[in-house]
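Chemist:
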Amino acid sequence: MPWSHVTIDRQGPVAVVRFDRKENLNAFNQQLVRELTEAARTFHDDLDT
1 MPWSHVTIDR QGPVAVVRFD RKENLNAFNQ QLVRELTEAA RTFHDDLDT
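In my numbering, the protein residues as written are 1 to 49.
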């Protein structure tokens, strides 16, 4: 899960997904969309979040 543009911080039942493309003002590109999709899939079976 080592993504270059997305991080997930979990605190109990809450997860915060952050974008990190400062140099491009967090504009979406294919890699960011792919990483967001993968990040979202991590929540599918996670009953704690």
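We put the CB at the ideal spot given by N, CA and C, even for glycine.
1) Specify, as a first and last residue, the run of the beta strand (DSSP E) that residue 15 falls within.
2) Going by other Cβ atoms of all chains shown within 10 Å of its Cβ, with 16 needed for buried, is residue 44 buried or exposed?
3) Below 8 Å on the Cβ atoms is my guess for residue 35 versus residue 3; work out the distance and round it to an integer in Å.
4) Starting from residue 7, follow the beta strand (DSSP E) in both directions and report where the run begins and ends.
5) Between residue 29 and residue 5, what straight-line distance do the alpha-carbon atoms span, to the nearest angstrom?
Modeler: Reading from the atomic positions:
1) 14-19
2) exposed
3) 4 Å
4) 6-11 is the extent of the beta strand (DSSP E) around residue 7.
5) Straight-line measurement puts the Cα of residue 5 at about 10 Å from the Cα of residue 29.
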